[in-house]
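What follows is a set of notes on a single structure, which appears directly below.
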Amino acid sequence: MQEPCVVIGTLLKDMPMRPSVLAEYINTLEIQTATQTTAEKAPPKLFLEDATAKISLLPAASEEGHTPNAAAFDTSVEGVFRTHGSLNIDRCVAGMVVAVRGVPLGTGAFSVEAICVAGAPAPGPLAGAPSKAGEGDMDCDSCSVQDTYVALLSGKRLRASLTLQACACPPHVPSFVLFWREGGAPHLTAFSVGRGRVWCARSIGLRLGSAVVNPRGLQLLRDFLLGGAPSPELRRLSSRIAKVVICGNCLALPVVAAASAATSSPHLNGASSLDSAASLSAALQEADVFLAQLAATVSLALMPGPSDPTTFALPQLPLHAALLPITRLYRTVQGVTNPHAFSVNGVRFIGSSGQPVDSICNASVLSSIEALELTAQCRCLAPTAPDSLACYPFVDEDPFCVSGSSSYHVFFAGLQKHHECRVLHTAPGGDGRAVVVSVPDFGVRGEIVLLSLRTLQTRVLRFHEGFGSGADNA
Numbered sequence: 001m002q003e004p005c006v007v008i009g010t011l012l013k014d015m016p017m018r019p020s021v022l023a024e025y026i027n028t029l030e031i032q033t034a035t036q037t038t039a040e041k042a043p044p045k046l047f048l049e050d051a052t053a054k055i056s057l058l059p060a061a062s063e064e065g066h067t068p069n070a071a072a073f074d075t076s077v078e079g080v081f082r083t084h085g086s087l088n089i090d091r092c093v094a095g096m097v098v099a100v101r102g103v104p105l106g107t108g109a110f111s112v113e114a115i116c117v118a119g120a121p122a123p124g125p126l127a128g129a130p131s132k133a134g135e136g137d138m139d140c141d142s143c144s145v146q147d148t149y150v151a152l153l154s155g156k157r158l159r160a161s162l163t164l165q166a167c168a169c170p171p172h173v174p175s176f177v178l179f180w181r182e183g184g185a186p187h188l189t190a191f192s193v194g195r196g197r198v199w200c201a202r203s204i205g206l207r208l209g210s211a212v213v214n215p216r217g218l219q220l221l222r223d224f225l226l227g228g229a230p231s232p233e234l235r236r237l238s239s240r241i242a243k244v245v246i247c248g249n250c251l252a253l254p255v256v257a258a259a260s261a262a263t264s265s266p267h268l269n270g271a272s273s274l275d276s277a278a279s280l281s282a283a284l285q286e287a288d289v290f291l292a293q294l295a296a297t298v299s300l301a302l303m304p305g306p307s308d309p310t311t312f313a314l315p316q317l318p319l320h321a322a323l324l325p326i327t328r329l330y331r332t333v334q335g336v337t338n339p340h341a342f343s344v345n346g347v348r349f350i351g352s353s354g355q356p357v358d359s360i361c362n363a364s365v366l367s368s369i370e371a372l373e374l375t376a377q378c379r380c381l382a383p384t385a386p387d388s389l390a391c392y393p394f395v396d397e398d399p400f401c402v403s404g405s406s407s408y409h410v411f412f413a414g415l416q417k418h419h420e421c422r423v424l425h426t427a428p429g430g431d432g433r434a435v436v437v438s439v440p441d442f443g444v445r446g447e448i449v450l451l452s453l454r455t456l457q458t459r460v461l462r463f464h465e466g467f468g469s470g471a472d473n474a
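Sequential numbering from 1 applies to the sequence shown in UniProt numbering.
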């Protein structure tokens, strides 16, 4: 019988049903392919490899009457993401560096009893962090010191026909509604923004220039960030926003222009080409004016996304300044890469516009928040690159890896279906607190996320005409 041992390496996942990059060439060359067999429909296989060898990983068979260990990379009933446990191939993805404990088999395979990842590095303590007695309190009214906030948003869209008005909030503009999520359950609640709290706002999926969204939400968002909200509480809240981060899809091709580009040919009608150029120009002008209005009052970071006019492979380059001639005149605007890491008041952020999370979800059964937490726990922002996620071919190092000396308080991902926030269980050795935050697509849900730099708690603001008038606004 073989002695139990521990092996460390990189996971490789073989999925027979995954689309092949050779499919288009096979169809073009009319190559005859064999009929799909039962073997091709087999479940995915997992391998562990390094520079010298590759072995097949098999889950250890549980003994009769013995309760198997909980699966790794799963969420317990208590909401805790497990960084170690028994092997579940459906919850693993390629590119993860893991340690497996088990017994080598004579066939060249390895029977895995347990698998684990390194775990997220522990960050340092937050400035003015609450005491442990009130650490789990989600009610910011109990806070007694000043907070600062960061706003996160994405996927905003503007109609080419929208006329942007000066910052104002006339009486007929619908009231804003603050919408808390505690323990995963959304509900409306009253709130107080006194005692000098400050927020960090994040928004994703703004899609400025697209003609497929109601512009009213963008007008309400602009008025809020510029201090034109109808209520004094919301005006005080907006004054505490230290930075606005647009996490992907800030710009987007108008529908007419995108359709014309997709059907372009040497015989393209000249009038259609001129219409497409005019639509693109109008869309960029709308986006430029909107972003310039925001940049006049708040620090603004623009992260590119999958629909933005920039490089496709990760890391994506910042949006070119020539696209936004008015906005670039403001020193408060910063074009950044995707992924991007930054710091605000000592709180360290790192995240992406959502492509790595989507790639992980496509190759596993993990939810989006579990996929985001997995990237933090395995210390790699894009483990599936370049296997199923396009990235630049780096030779000497992986820029997506988070080293042990680089610890972060907030891991975020943009362009998600809905907002979620979880406390991240980090490796021992630090006194700080870390969270993972998924930021919803503003173009779909009309929501932005406000994150407190003191407690790392989040609030969700939804901007929608008539929102709050019904019994259930979730």
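Note that the Cβ used here is the ideal one computed from N, Cα and C, for glycine as well.
How close, in whole Å, do the beta carbons of residue i and residue j come, if the pair is a contact with beta carbons under 8 Å?
i    : j    : result
A60  : G102 : 6 Å
G119 : T83  : 5 Å
P315 : Y408 : About 16 Å; that fails the 8 Å criterion.
D387 : T327 : Wrong, their Cβ atoms sit about 36 Å apart, outside the cutoff.
L226 : Q293 : 7 Å
K13  : L46  : 6 Å
A229 : T148 : The Cβ separation is near 18 Å, so there is no contact.
So residue i is in the beta strand (DSSP E); what residue range does that whole segment cover?
i    : result
G351 : V347 to S352
S343 : H340 to V344
A99  : V97 to P104
R422 : E420 to L424
P59  : K54 to P59
C116 : A109 to C116
F73  : Looking at the DSSP string, F73 is not in any beta strand (DSSP E), and its letter there is neither H nor E.
V395 : No beta strand (DSSP E) holds V395; DSSP gives it neither H nor E.
D14  : C5 to D14
So, using beta-carbon positions, are residue i and residue j closer together than 8 Å?
i    : j    : result
S353 : G443 : no
F411 : C247 : no
P306 : L251 : no
L284 : V333 : no
V344 : L450 : no
I115 : V100 : yes
H464 : G217 : yes
L152 : I350 : no
L58  : G432 : no
T313 : A427 : The displayed chain sequence assigns Ala, not Thr, to residue 313. No. Outside cutoff.
Q416 : S368 : yes
V80  : H425 : yes
V298 : V245 : no
L291 : L324 : yes
S86  : A70  : yes
Between the alpha carbons of residue i and residue j, how many angstroms are there, rounded?
i    : j    : result
G155 : V117 : 33 Å
G95  : R331 : 39 Å
T311 : S403 : 26 Å
T52  : T10  : 12 Å
C421 : V357 : 15 Å
R445 : R222 : 16 Å
S406 : P121 : 7 Å
M138 : S111 : With a pLDDT of only 39 at M138, under the threshold of 50, the placement of this residue in the model should not be trusted, and no figure is reported.
V336 : V437 : 19 Å
I360 : T384 : 7 Å
P123 : A371 : 20 Å
Y25  : M15  : 20 Å
L105 : V347 : 47 Å
G134 : S238 : Interpretation of G134 is limited by its pLDDT of 42, a score under 50 that renders its predicted location unreliable; the figure taken from the coordinates is listed afterwards. Computed Cα separation, rounded: 25 Å.
R197 : R240 : Since pLDDT at R197 reaches only 45, below the 50 mark, its modelled position is unreliable, and the value read off the structure follows with that caveat. Each residue's Cα considered, the two are about 6 Å apart.
S364 : S276 : 39 Å
P399 : R462 : 35 Å
Q457 : V435 : 9 Å
N281 : L374 : As written in the sequence, residue 281 is Ser, which differs from the Asn given in the question. Approximately 41 Å between the Cα atoms of the pair.
L381 : P43  : 26 Å
T455 : V150 : 12 Å
H340 : P19  : 29 Å
N249 : D396 : 30 Å
K132 : E78  : Interpretation of K132 is limited by its pLDDT of 47, a score under 50 that renders its predicted location unreliable; no figure is taken from the coordinates.
Q377 : C92  : 13 Å
T107 : Q355 : 38 Å
E3   : M303 : 50 Å
L329 : H320 : 13 Å
First and last residue of the alpha helix (DSSP H) that includes residue i?
i    : result
R235 : P232 to S239
L415 : Run containing L415: none in the alpha helix (DSSP H); it sits in the beta strand (DSSP E), V410 to Q416.
R445 : F442 to R445
P356 : Q355 to N362
I369 : S368 to Q377
Q219 : R216 to L225
Exercise. Along the chain, which unbroken stretches of the alpha helix (DSSP H) at least 4 residues long are found entirely within the region 267 to 326?
Worked result: With a minimum length of 4 residues, the continuous alpha helix (DSSP H) runs that stay inside the region 267 to 326 are 270 to 295.
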